[in-house]
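Take a look at the structure below.
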Amino acid sequence: MLAIRHISKRFGGLQALRNVNVEAERSRVTAVIGPNGAGKSTLMNVISGFIAADEGSVDVDGTRALGLAPHRMCATGVARTFQNLQMFSDMSTVEAVVTGRTRHRKTSLIANLLMTPAVHREEGEAFDAARELLRAMGVPESFWTRRAGDLPYGMQRRVEIARALATEPGYLLLDEPAAGLNDSESAALGEVLLKLAQQGIGVVLIEHDIELVMNVSSRIFVMDAGTVIADGKPAEVRANPDVIAAYLGEEHE
Amino acid sequence: MFEQVVVSGLTVGAIYALIAIGFTIVFSTVRIVNFAHGEFVMAGGVLYAWLNIVHQIPPALSIPIAIVGCVVIAWLSYELCLAGMNKDNHIAQVMVTLGLGITLKGLAQVFIGKDTQFPPPFTSGPPLALGSVSVSRQSMWIVGSLLVLIVLLWALLQKTRVGKGMRAVAINHYAAVLMGISPKRAAIIAFALAGLIGGAAGALLAPVASAHYDNGIFLAVKGFAAAILGGLGNPVGAVVGGLILGLTESLTAGYVSSVYKDAVSLVILLAILLLRPQGLLGQRLPNKL
Amino acid sequence: MIRDPNLDLTSTTPASGAASKAKRASVSVSADRKLTLVLMIVFPICAMLATNSFYKSVLVFAMINAIAAVGLCLMLGFAGEISIGQAAFYGLGAYVTAYLANQFHFEPVLAIAIGSAVAMAIGWGISRPLSRLHEHYLAMATLAFGIIMYIVFANARPFTGGLDPGTSVAKFAILGVDLSSMDRYFWVVWLALGLASLVAGNVAATQVGRSLLAVKMSAPAAASVGIDVVRAKAFVFALGALLTGLSGGLYAYFSRSFNASTFGIGYSIELLMMVVLGSLTRVSGAIVGAFIITILPVLFEHFEDYKTLVFGITMVLIMKFMPSGLVEGLFSLGGRLIRRKGD
């Protein structure tokens, strides 16, 4: 389980996160939703190591992981995508995904500088693995040697997920992956997420697309103004008056 | 002796402040670190010297003309090199401004020449005695110009529409655009100011430290050091940083070693970048990884 | 759409059983190596065709600069680390080499090796604290560092001889065998350039180079896939400093006598020009750039007077319109034209 406990973060005068508690299990899709400014992205950045929390803890399958730099969070088995698509635009699509294999490389720096046969072998394996992932994510072969930045937006999103999957994560954090996707693309994404969960990954989804969230999530955490105001199964959350108020605002007498 | 060191430190510091202010205003308005800024300063001195010495134009005319020349140079620099460049490609931005600086230096070398010139002080006459300290007239001009400039700049940024627009762009670029403020106009004004203030600094400095096509980069790093020491983007910081830097240099020259005094500002710059990049008055920079 | 609903999305072991050879997705890397090989053959040919010792020495100097240019290419083109202070490492390499050779009578090769190592260590040391900063702060810091080192070189007379009288070294030799004539020294430098190009080419062709590119293109994404960004930057800085220090050491024995004026900001800018002119991402491009910049003063008599202006305009134009480097840009333009003709 990915256990996020009592996370608080303040930026100057703004309390961005206050005593946030979120749990995500393996083989499940967990969603974090909430109106803009609720702190979802901040939470994402804290979990993945890009922002240091003031208080609280992050446990990955029992191992304490708070305060680790992003590349170390990756080593604990937490992978992520980015809201504003951080793609390695000038690389070929396959190469961009190959970078995801970094965590699993065994060859030393010296071996790489000398380009030993082991390095050649490892490169071959990495490229094969990348191609498999691209195939599985439905990225057509014709795109594989093209410049990653030239791909259509929806494809780049898939490549980013493939890249994250290349790290063989236990938990995959997705930051608004459906942004900019149309209905059928969203539905396809939903299928992918369910498939990933089936294969054992704990998917954590930050999303605005409520329909997608309701369709694939086992558990939903709702955030507003930096705290979790509700958590439970989709049907429970949908009927929760606090959640409705947060999204639509309170009625005033 | 000590008072003399302090006075000369404040004078040098005023020059550094003037260099830093223009640089910092461009950064705060356009988010461009202009590595060519030192050449605007160089141009001020070199043009003044050229007009006065080569063309026999009296200081009262050649100084303003030189400064206007720098404004034009700064404006053209922005229009031809930087306008329309992708803001996010910092590497290209650094390289383009570097190239611009080298171009300006090359232009001075080719069209004006490689001689070191000393144009006359703005007003002639013996140094003034203030207590136990002797203050040259040019020093009075330098410090006086800084004071006048601070007042004018304050008035511009706080009281005029143009100035408020520039501050708005500096605080939130996108919101300013939405409010109808033209970021391009703010950029041009920022560059024009950089040319004006930088050129004035160069002209003020030339009678004291000479005008030479090659001294742009040295002046630039001093200006960078002052601006970053005070907090990049903050004009008050530029003044504070400049004065501190000037005093430190003067004290080093007077009491430690005059050979390494130039190294002092550079070491300060390096130390600030390594230890506290936001400077004295700036905000903590976001951790970029 | 997902093609095979049963396909395992999480397994990354290759579906094909046999381990396949490294299939390079980008053709350009092997083209880069071929071009480097061609250059390494062209240089000796030019040396043999050179009619007098002066032209030979220009060639040797071009190769020395090429080593430093390759180092900067890795730093700037691959990792996006702007350094305007490479002359500091050049000087460190030269002065440490000279000092060890003069004061302690070290074997020249050993002296050069230690000189390079010192430059590398300092490069590594300075990059770690700076790796957290934005590009223009790094540029400024390297600028400041370069000028500080110049001031030290110019004033630390007991160690460097300063600006006057400078320092000088004995002839280059290996275990007593005199290799100092241009004909012989050419091969020493040629070997060094070959090794440098080989290592740089290996960086470009493996995950090392890919990680650097990842850091340049998106440091957050690089970190999210497990790349230690600080360590990557420190590595490329160290390597760049090593190569530049190596150039400095070779330069010491090339010129035999030099003073601090060689190691000012002018050289840092020239190195930048070499990479900008050649290619930011191809080792062979950097070598070509170094060659062009070095021979320009020889080709154009009054070049020195206009050098600054020409350099400046060229840098602005190239960085605005062909930001991967001029030679690189021309190559890809040529490639596109050829492909269109073939349609």
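Residue numbers (the working numbering), protein chains in the order written: chain P, 1 to 253; chain W, 1001 to 1289; chain A, 2001 to 2343.
Ideal Cβ placement from N, Cα and C applies to all residues, glycine included.
Hey, how far is the Cα of Ser-2257 of chain A from the Cα of Val-2215 of chain A? To locate residue 2257 of chain A, count along the third sequence from 1; it is residue 257. To locate residue 2215 of chain A, count along the third sequence from 1; it is residue 215. Roughly 40 Å separates the two Cα atoms.
Quick one: which chain W residues come within Cβ less than 9 Å of Thr-2160 of chain A? As a working mapping, residue 2160 of chain A is identified with position 160 in the third sequence. Ordered by position in chain W, no residue passes the 9 Å Cβ test against Thr-2160 of chain A, which lies about 14 Å from the chain.
Less than 6 Å between C-beta atoms, sequence neighbours within five positions excluded: which residues of the same chain meet that for Gly-2278 of chain A? The residue given as residue 2278 of chain A occupies position 278 in the third sequence. Within the same chain, Gly-2278 of chain A has close Cβ partners Gly-2285, Ala-2286, Val-2288, Gly-2289, Gly-2325 and Val-2327.
Assigned exposure category for Phe-2321 of chain A - 16 Cβ within 10 Å defines buried: The residue labelled residue 2321 of chain A in the question sits at position 321 within the third sequence. Phe-2321 of chain A should be labelled exposed.
Measure the C-alpha to C-alpha separation of Ala-2223 of chain A and Ala-79 of chain P and round it to an integer number of angstroms. Within the third sequence, residue 2223 of chain A is the residue found at index 223, counting from 1. Within the first sequence, residue 79 of chain P is the residue found at index 79, counting from 1. Cα-Cα distance, rounded: 10 Å.
Take Lys-2023 of chain A and list the residues in its own chain whose beta-carbon comes closer than 6 Å to its own, dropping the five residues that flank it on each side. To locate residue 2023 of chain A, count along the third sequence from 1; it is residue 23. Bear in mind that the predicted position of Lys-2023 of chain A carries a pLDDT of just 35, short of 50, making it unreliable; the figure below should be weighed with that in mind. Cβ neighbours of Lys-2023 of chain A within its own chain (closer than 6 Å, five residues either side excluded): none.
Within 10 Å of its beta-carbon, does Ile-1021 of chain W have 16 or more other beta-carbons around it, so buried, or fewer, so exposed? Position 21 of the second sequence, counted from the start, is the residue given in the question as residue 1021 of chain W. It counts as buried.
Mind checking whether the beta-carbon of His-71 of chain P lies closer than 8 Å to any heavy atom of the ligand COA? This structure does not include the ligand COA; it has no bound ligands of any sort.
Measure the Cβ-Cβ separation of Val-216 of chain P and Gly-200 of chain P and say whether it is below 9 Å. In the first sequence, the residue the question calls residue 216 of chain P occupies position 216. In the first sequence, the residue the question calls residue 200 of chain P occupies position 200. No, the pair does not count as a contact, with Cβ atoms beyond the cut-off.
Taking any Cβ of chain W, which residues in the stretch 2296-2327 of chain A have a Cβ under 9 Å from it, in chain order? Asp-2305, Tyr-2306, Lys-2307, Thr-2308, Leu-2309, Val-2310, Phe-2311, Gly-2312, Ile-2313, Thr-2314, Met-2315, Val-2316, Leu-2317, Ile-2318, Met-2319, Lys-2320 and Pro-2323
Does the beta carbon of Val-1012 of chain W sit closer than 9 Å to a beta carbon anywhere in chain A? Indexing the second sequence from 1 puts residue 1012 of chain W at position 12. Judged by the 9 Å Cβ criterion, Val-1012 of chain W is not in contact with chain A.
Report yes or no: do three or more beta-carbon pairs, one from the stretch 1034-1046 of chain W and one from the stretch 1189-1205 of chain W, lie closer than 8 Å? A contact exists between the stretch 1034-1046 of chain W and the stretch 1189-1205 of chain W.
Do Ala-162 of chain P and Val-237 of chain P come within 9 Å of each other at the CB atom, strictly closer than that value? Taking the first sequence and counting its residues from 1, one reaches residue 237 of chain P at position 237. Taking the first sequence and counting its residues from 1, one reaches residue 162 of chain P at position 162. No, they are not a contact pair.
Compute the beta-carbon to beta-carbon distance between Ile-220 of chain P and Ile-33 of chain P, rounded to the nearest angstrom, for a pair I have assumed lies under 8 Å. Taking the first sequence and counting its residues from 1, one reaches residue 220 of chain P at position 220. Taking the first sequence and counting its residues from 1, one reaches residue 33 of chain P at position 33. Yes, they are in contact, since the Cβ atoms of Ile-220 of chain P and Ile-33 of chain P sit about 6 Å apart, within 8 Å.
Which of the three DSSP states, helix, strand or coil, is assigned to Phe-82 of chain P? Along the first sequence, one-based indexing puts residue 82 of chain P at 82. Residue state, collapsed to three classes: coil.
So, under 8 Å CB-CB, Ala-1074 of chain W and Gly-1195 of chain W are touching, yes? Tell me the CB distance rounded to an integer number of Å. Within the second sequence, numbered from 1, the residue matching residue 1074 of chain W stands at position 74. Within the second sequence, numbered from 1, the residue matching residue 1195 of chain W stands at position 195. Yes, they are in contact, since the Cβ atoms of Ala-1074 of chain W and Gly-1195 of chain W sit about 3 Å apart, within 8 Å.
Locate the alpha helix (DSSP H) running through Ile-2064 of chain A, then write down its first and last residues. Against the third sequence, residue 2064 of chain A aligns to sequence position 64. 2053-2072 is the extent of the alpha helix (DSSP H) around Ile-2064 of chain A.
Candidates A:Val-2096, A:Ile-2126, A:Ala-2200 and A:Ile-2292, of which the one nearest Ala-2156 of chain A by Cα: By 1-based counting over the third sequence, the position of residue 2156 of chain A is 156. Ranking the options by Cα distance to Ala-2156 of chain A, first place goes to A:Val-2096.
Please list, in chain order, the residues of the stretch 1132-1159 of chain W that have any C-beta partner in chain A closer than 8 Å. none
Beta-carbon neighbours of Leu-109 of chain P, restricted to chain A and to distances below 8 Å: As a working note, residue 109 of chain P is residue 109 in the first sequence. What Leu-109 of chain P touches in chain A: Val-2208 and Phe-2235.
Using only the alpha-carbon positions, how far apart do Tyr-2251 of chain A and Ile-2064 of chain A sit? Counting from 1 along the third sequence, the entry for residue 2251 of chain A is found at position 251. Counting from 1 along the third sequence, the entry for residue 2064 of chain A is found at position 64. Separation of Tyr-2251 of chain A and Ile-2064 of chain A (C-alpha to C-alpha, rounded to the nearest whole angstrom) is 7 Å.
Exposure label - Gly-180 of chain P; buried when at least 16 CB within 10 Å: Here residue 180 of chain P refers to the residue found at position 180 when the first sequence is read from its first residue. Its Cβ having fewer than 16 others within 10 Å, Gly-180 of chain P is exposed.
Are there 16 or more other CB atoms within 10 angstroms of the CB of His-1055 of chain W, so buried, or fewer, so exposed? In the second sequence, residue 1055 of chain W corresponds to position 55, counting from 1. Burial call: exposed.
Judging by CA-CA distance, which residue of P:Ala-3, P:Arg-26 and P:Met-87 is the nearest neighbour of Gln-156 of chain P? Counted from its first residue, the first sequence places residue 156 of chain P at position 156. Gln-156 of chain P has its Cα closest to that of P:Met-87, out of P:Ala-3, P:Arg-26 and P:Met-87.
Can you tell me whether Gly-232 of chain P is helix, strand or coil according to DSSP? If you number the first sequence from 1, residue 232 of chain P lands on position 232. Reduced to three states, the DSSP call for Gly-232 of chain P is strand.
Three-state class that DSSP yields for Asn-21 of chain P in the structure shown: Counted from its first residue, the first sequence places residue 21 of chain P at position 21. Strand.
Measuring straight from C-alpha to C-alpha, what distance separates Thr-81 of chain P and Ala-2139 of chain A? Counted from its first residue, the first sequence places residue 81 of chain P at position 81. Counted from its first residue, the third sequence places residue 2139 of chain A at position 139. Taking the straight line from one Cα to the other gives about 30 Å.
Just how far apart, CA to CA, sit Val-94 of chain P and Gly-2240 of chain A? Within the first sequence, numbered from 1, the residue matching residue 94 of chain P stands at position 94. Within the third sequence, numbered from 1, the residue matching residue 2240 of chain A stands at position 240. Taken atom to atom, the span from the alpha-carbon of Val-94 of chain P to that of Gly-2240 of chain A is near 28 Å.
Can you tell which of A:Met-2048, A:Ile-2338 and A:Lys-2034 has its C-alpha closest to the C-alpha of Arg-2184 of chain A? The sequence position of residue 2184 of chain A within the third sequence is 184, counting from 1. Minimum Cα-Cα distance from Arg-2184 of chain A among the listed residues A:Met-2048, A:Ile-2338 and A:Lys-2034 corresponds to A:Met-2048.
If we count the other Cβ atoms within 10 Å of its Cβ and call it buried at 16 or more, is Arg-2336 of chain A buried or exposed? Working through the third sequence from its first residue, we reach residue 2336 of chain A at position 336. It counts as exposed.
Candidates W:Leu-1274, W:Arg-1276, W:Asn-1052 and W:Lys-1222: closest to Asp-1262 of chain W by CA position: For the purposes of this step, residue 1262 of chain W is identified with residue 262 of the second sequence, where counting begins at 1. Nearest of W:Leu-1274, W:Arg-1276, W:Asn-1052 and W:Lys-1222 to Asp-1262 of chain W, Cα basis: W:Lys-1222.
Report all residues from its chain with a CB closer than 7 Å to the CB of Ala-69 of chain P; omit the five preceding and five following residues, and keep chain order. One-based indexing of the first sequence puts residue 69 of chain P at position 69. Counting only Cβ-Cβ distances below 7 Å, and skipping sequence neighbours, we find Gly-49.
Rounded to whole angstroms, what is the Cα-Cα separation between Glu-2081 of chain A and Phe-2237 of chain A? Residue mapping note: residue 2081 of chain A aligns to position 81 of the third sequence, counting from 1. Residue mapping note: residue 2237 of chain A aligns to position 237 of the third sequence, counting from 1. If you take the alpha carbons of Glu-2081 of chain A and Phe-2237 of chain A, they lie about 8 Å apart.
From which residue to which residue does the beta strand (DSSP E) around Ile-206 of chain P run? The count along the first sequence starts at 1 and reaches residue 206 of chain P at position 206. It spans 202-206 - the beta strand (DSSP E) in which Ile-206 of chain P sits, taken as one unbroken run.
Using a Cβ cut-off of 8 Å, which residues of the stretch 1245-1268 of chain W contact any Cβ in chain A, in chain order? Val-1259, Tyr-1260, Asp-1262, Ala-1263, Leu-1266 and Val-1267
Kindly indicate which residue of A:Phe-2263, A:Leu-2191 and A:Ile-2174 has the alpha-carbon position closest to the one of Thr-2167 of chain A. The sequence position of residue 2167 of chain A within the third sequence is 167, counting from 1. The candidate whose alpha carbon is nearest that of Thr-2167 of chain A is A:Phe-2263.
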